[in-house]
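Protein chains in written order, with the working numbering: chain F, 993 to 1082; chain A, 993 to 1082. By construction, the Cβ of each residue, glycine as well, lies at the ideal position given by its N, Cα and C atoms. To keep things clear, I will list the structure first and then write my remarks on it.
2 protein chains.
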Amino acid sequence: MAHEHPRRSEITKQLARVEGHVRAVKTMTENGDPYVDVLHQLGAIQAGLRKTAQMVVDDHVENCLVDAIEQGQARIALAELTKALKTILR
Amino acid sequence: MAHEHPRRSEITKQLARVEGHVRAVKTMTENGDPYVDVLHQLGAIQAGLRKTAQMVVDDHVENCLVDAIEQGQARIALAELTKALKTILR
């Protein structure tokens, strides 16, 4: 890819945190922790994923999309982004 | 806990799948895969987490809540569940 993705390493770190969080909740269910506590943690993981998606969208719009617009590919790039966002927002 | 949680091992397996999925997406961002592809996968992980939460709620309602109601603790148990669901559904 020609353009920069300045937040890529930050996004990778955020995903590592989410991964560790999921692993911790898996341990909770293995240990027989109360389901209400498990549900709270699942909610926190979802919040972490929403934050990740927001970081990806920001980096994408500020870099990939700006590039695409400059190269006259705005329509295709926006259609792709809209399709991806539908997966996230459903 | 006195009552059974028949789906606990199934929930742990589902969380292991989600964990592996997050790890795979982390590898995608490390490898510089397109952000639109990353967003699609984040959406799929969210769907996997919603499925997990549904499994936990089902097992909780069918077992913990039934127990709590029989022990006259319905009001407290329902308040706890409602609070946990707010975390999930926000």
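Residue burial classification, residue i (beta-carbon count within 10 angstroms, cutoff 16)
i: Arg999/A; result: buried
i: Lys1005/F; result: exposed
i: Gln1107/F; result: This structure gives no information on residue 1107/F, because the portion of chain F shown stretches from 993 to 1082.
i: Gly1035/A; result: buried
i: Glu1062/F; result: exposed
i: Leu1081/F; result: exposed
i: Asp1051/A; result: buried
Beta carbon proximity, residue i to chain F, threshold 8 Å
i: Lys1018/A; result: yes
i: Glu1045/A; result: Sequence check: residue 1045/A is Ala here, not Glu. At least one chain F Cβ lies under 8 Å of Ala1045/A.
i: Leu1070/A; result: no
i: Arg1015/A; result: yes
i: Val1010/A; result: yes
i: Arg1000/A; result: yes
Spatially closest choice to residue i from the options, by CA coordinates
i: Leu1007/F; options: Glu1022/F, Gln1033/F, Arg1042/F; result: Arg1042/F
i: Val1017/F; options: Met1020/A, Ile1003/A, Leu1057/A, Thr1019/A; result: Ile1003/A
i: Thr1079/F; options: Gln1038/A, Glu996/A, Val1014/A, Thr1021/A; result: Gln1038/A
i: Glu996/A; options: Val1058/A, Leu1077/A, Leu1081/A; result: Val1058/A
i: Thr1021/F; options: Ala1060/A, Thr1044/A, Leu1077/A; result: Thr1044/A
Chain A contact for residue i (CB, 8 Å cutoff)
i: Asp1051/F; result: yes
i: Leu1031/F; result: yes
i: Glu996/F; result: no
i: Gln1038/F; result: yes
i: Val1058/F; result: no
Exercise. Counting pairs of beta carbons, one from the region 1021-1033 of chain F and one from the region 1069-1082 of chain A, are three or more of them closer than 8 Å?
Worked result: With contact defined as three or more Cβ pairs closer than 8 Å, the region 1021-1033 of chain F and the region 1069-1082 of chain A are in contact.
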